[in-house]
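Chemist: Supplied in structure tokens, the structure appears directly below.
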Amino acid sequence: MKQSLKEHAERFDEKAPEYDSSKNEEYKATVSLVVSHARPRNDDTVLDLGTGTGAIALALAEDAGEVVGRDISDGMLEEGREKAADRGVENVAFGDGRFREPNAPENTDIVTSNFAMHHLTDGQKREAINVIAGLEPRRIVLGDVMFFGEPNPDEPFYSPEVDDPATVGVLADAFTDAGYVLTAVERVHEQVGVLVAESLPSDDGDR
Ligand SMILES: C[S@@+](CC[C@H](N)C(=O)[O-])C[C@H]1O[C@@H](n2cnc3c(N)ncnc32)[C@H](O)[C@@H]1O
Numbered sequence: 188m189k190q191s192l193k194e195h196a197e198r199f200d201e202k203a204p205e206y207d208s209s210k211n212e213e214y215k216a217t218v219s220l221v222v223s224h225a226r227p228r229n230d231d232t233v234l235d236l237g238t239g240t241g242a243i244a245l246a247l248a249e250d251a252g253e254v255v256g257r258d259i260s261d262g263m264l265e266e267g268r269e270k271a272a273d274r275g276v277e278n279v280a281f282g283d284g285r286f287r288e289p290n291a292p293e294n295t296d297i298v299t300s301n302f303a304m305h306h307l308t309d310g311q312k313r314e315a316i317n318v319i320a321g322l323e324p325r326r327i328v329l330g331d332v333m334f335f336g337e338p339n340p341d342e343p344f345y346s347p348e349v350d351d352p353a354t355v356g357v358l359a360d361a362f363t364d365a366g367y368v369l370t371a372v373e374r375v376h377e378q379v380g381v382l383v384a385e386s387l388p389s390d391d392g393d394r
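Quick note: the numbering used here has the sequence shown finishing at residue 394, numbered continuously throughout.
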């Protein structure tokens with residue numbers, strides 16, 4: 188990581204009040220794809236990691252049984268709680284948790300994460316994907332900065348001083364090594380995408 192967890196948390200604490208007001212088209216498209224691929228059932232528990240102000244968590248709460256949003260920034264989490272209260276959403280819980288220690292609910296059916304994992308090094312992403320897989324969700328949906336080819340150094344879609352995106356290949360290998368199958372790869376931009384990973388087919392009638 189190019190910054191410590193504490194530094195990342197402080198940076199997002201500062202950004203939190205304005206975070207929702209400056210979103211580009213690629214971000215909006217990625218949120219929409221993560222939400223549509225997550226497809227929770229009404230008895231599912233969803234864990235949203237790096238939940239921020241709850242863009243994904245609050246959208247999925249409409250269909251899921253319960254959504255748990257985890258983040259390292261108290262400021263971002265507080266914005267999420269306020270949005271949930273304003274909207275009267277009661278099946279979302281926001282609290283502290285990080286990729287490699289997610290503070291996950293007991294039964295996690297689906298894990299989502301949007302624009303957050305790119306703060307980790309590739310080795311830490313692999314560890315995080317292993318931790319997530321260990322929760323045995325049937326589906327993992329990752330939206331993030333990720334490189335589909337050679338990134339154009341003059342037009343980075345990220346901040347090189349604090350962010351550390353992976354190639355799609357590195358992420359795909361980590362998911363498959365953790366026992367998941369990639370069932371969708373969505374390219375939003377040459378540096379932004381959504382990956383959907385599912386556990387091997389079971390007889391739960393979901394496919
Ligand atoms: C760009 S925001 C994305 C927030 C939200 N997922 C969205 O789509 O709007 C990145 C979030 O990841 C959080 N974050 C960074 N590193 C993290 C880590 N190691 N574990 C959990 N959250 C982390 C930050 O605090 C921040 O809220």
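We treat Cβ as the ideally placed atom computed from N, Cα and C, and that holds for glycine.
Computed from a predicted structure; not experimentally measured.
Please return the same chain residues whose Cβ sits closer than 6 Å to the Cβ of residue 220, not counting the five positions on each side in sequence.
Modeler: 373, 381
Chemist: When you compare the CB positions of residue 225 and residue 316, do they come within less than 8 Å of one another, or not?
Modeler: No, Cβ-Cβ distance for residue 225 and residue 316 is not below 8 Å.
Chemist: Which two residues bound the contiguous alpha helix (DSSP H) that contains residue 376?
Modeler: That residue, residue 376, is in no alpha helix (DSSP H); its beta strand (DSSP E) goes 367 to 376.
Chemist: Go through its chain and collect everything with a Cβ distance to residue 188's Cβ below 8 Å, but skip five positions before and after it.
Modeler: Closer than 8 Å at Cβ, skipping near neighbours: 195, 306, 307, 308, 311, 351.
Chemist: Report yes if the C-beta distance between residue 285 and residue 243 is below 8 Å; otherwise report no.
Modeler: no
Chemist: Hey, how far is the Cα of residue 353 from the Cα of residue 215?
Modeler: 21 Å
Chemist: Does residue 199 come out as helix, strand or coil in the three-state DSSP assignment?
Modeler: helix
Chemist: Tell me which same chain residues have a C-beta within less than 6 Å of the C-beta of residue 251, skipping the five on either side of it?
Modeler: 227, 231, 233
Chemist: Cβ of residue 199 within 8 Å of Cβ of residue 241?
Modeler: Taking 8 Å as the Cβ cut-off, residue 199 and residue 241 do not qualify as a contacting pair.
Chemist: Just jot down, in chain order, the residues whose CB lies closer than 5 Å to any heavy atom of ligand 1.
Modeler: 195, 199, 237, 239, 242, 258, 259, 260, 263, 285, 286, 301, 302, 303, 306
Chemist: Nearest to residue 202 by CA position, among 211, 261, 246, is which residue?
Modeler: 261
Chemist: Whose C-beta lies closer than 8 Å to the C-beta of residue 332 among residues of the same chain, with five residues either side of it excluded?
Modeler: 302, 305, 344, 345, 350, 352, 378, 379
Chemist: May I ask you to report which of helix, strand or coil DSSP gives residue 212?
Modeler: helix
Chemist: Leaving out the 5 sequence neighbours to the left and right, which residues in its chain are closer than 6 Å to residue 383 when beta-carbon positions are compared?
Modeler: 224, 328, 370, 371
Chemist: Let me know if residue 222 comes out buried or exposed under the rule of 16 or more other beta-carbons within 10 Å of its beta-carbon.
Modeler: buried
Chemist: Would you mind giving the Cβ-Cβ distance between residue 279 and residue 322, rounded to the nearest angstrom? I have them listed as a contact below 8 Å.
Modeler: Actually they are not in contact, since the Cβ atoms of residue 279 and residue 322 sit about 18 Å apart, beyond 8 Å.
Chemist: Relative to the C-alpha of residue 256, which residue among 217, 368, 338, 283 is closest?
Modeler: 283
Chemist: Under three-state DSSP, which class holds residue 265?
Modeler: helix
Chemist: Go to residue 256, then tell me how far its beta strand (DSSP E) extends in each direction, as first and last residue.
Modeler: 253 to 258
Chemist: Does the Cβ of residue 208 have 16 or more other Cβ atoms within 10 Å, making it buried, or fewer, making it exposed?
Modeler: exposed
Chemist: Sort 356, 347, 206 by Cα distance to residue 190 and report the nearest one.
Modeler: 347
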